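Residue 331 is where the sequence shown starts when you use this note's numbering, and the numbers rise one by one after that.
We put the CB at the ideal spot given by N, CA and C, even for glycine.
Here the structure is a predicted model, which is why all the values come from computation and not from measurement.
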Amino acid sequence: MVVMPIGDDDDVDLNTAPPVNLNREEWEIKKILKRSDIDGSSRLLLGKQLVREYILPHVPGIDISEAEGIEIAVWELDTRTEHVLVLKQWSTGSFVMTKNWMSGFVKRRRLKENDEIGLRWDDENSRLEFTILNGHRNQSVRRS
């Protein structure tokens, strides 16, 4: 289920949310976004080893190499919204997250090349958590 802020405005000011205390070391997967992560490719490319070490152990019994991939809930810590992305493995062995990546993250959070994001697994809620580690965290959020 995707939770969006309620209101008539197109923008939601992140400064109204309580500050998120970030410790970079708590984020198992750190990625500096490349142009291909934010352009029309509509996917987030993740390192093979990072996915094998920090995501796949939490989804046992699922064959990730299936063409359709697997749906993974992603909690955006900064805006307190949940989005569903699809984790796929390409024939090259690389892993990508697709489906709502562009609308739920890139456009909505106005992500740019060289922004640094963090991902970590939340065992208690069986989902990934997402944050912007370096970039423009406090800009307003564009609703689609």
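Which word fits residue i, buried or exposed, when buried means at least 16 other C-beta atoms lie within 10 angstroms of its C-beta?
i      : result
THR346 : For THR346, the predicted structure reports a pLDDT of 36, less than 50, and the residue's modelled location is therefore unreliable. A value from the coordinates is still provided. Its Cβ having fewer than 16 others within 10 Å, THR346 is exposed.
ASP393 : exposed
GLY391 : exposed
GLY370 : exposed
ILE462 : buried
ASP445 : buried
HIS388 : exposed
ARG373 : buried
ILE362 : exposed
TRP357 : buried
GLU406 : buried
ARG514 : Since the first residue of the chain shown is 331 and the last is 474, residue 514 is not available in this structure.
TRP431 : buried
LYS418 : buried
Rounded to the nearest angstrom, how far is the Cβ of residue i from that of residue j, given a contact under 8 angstroms?
i      : j      : result
ILE385 : GLU443 : That pair is no contact at about 24 angstroms.
GLY399 : VAL416 : 4 angstroms
ASP452 : GLU459 : 5 angstroms
ILE359 : LEU449 : 4 angstroms
VAL404 : ARG457 : 6 angstroms
Check the DSSP bridge columns for residue i and list the partner residues they point to.
i      : result
HIS413 : VAL404
ASN464 : GLU446
LEU375 : VAL426
LYS418 : VAL426
ILE359 : LEU449
When every heavy atom of the ligand NAD is checked, does at least one fall within less than 8 angstroms of the C-beta of residue i?
i      : result
SER366 : Of the ligands one can find in the structure shown there are none, so the ligand NAD has no counterpart to examine.
>> Does the structure place the stretch 417-432 close enough to the stretch 374-394 that three or more beta carbon pairs sit under 8 angstroms?
In response: With the cut-off at 8 angstroms, the stretch 374-394 and the stretch 417-432 touch.
> Of all the beta strand (DSSP E) runs that stay within the bounds of the stretch 431-459, which reach a length of 3 or more residues?
Replying inline: For the stretch 431-459, whole beta strand (DSSP E) runs of length 3 or above, ordered along the chain, are 446-452.
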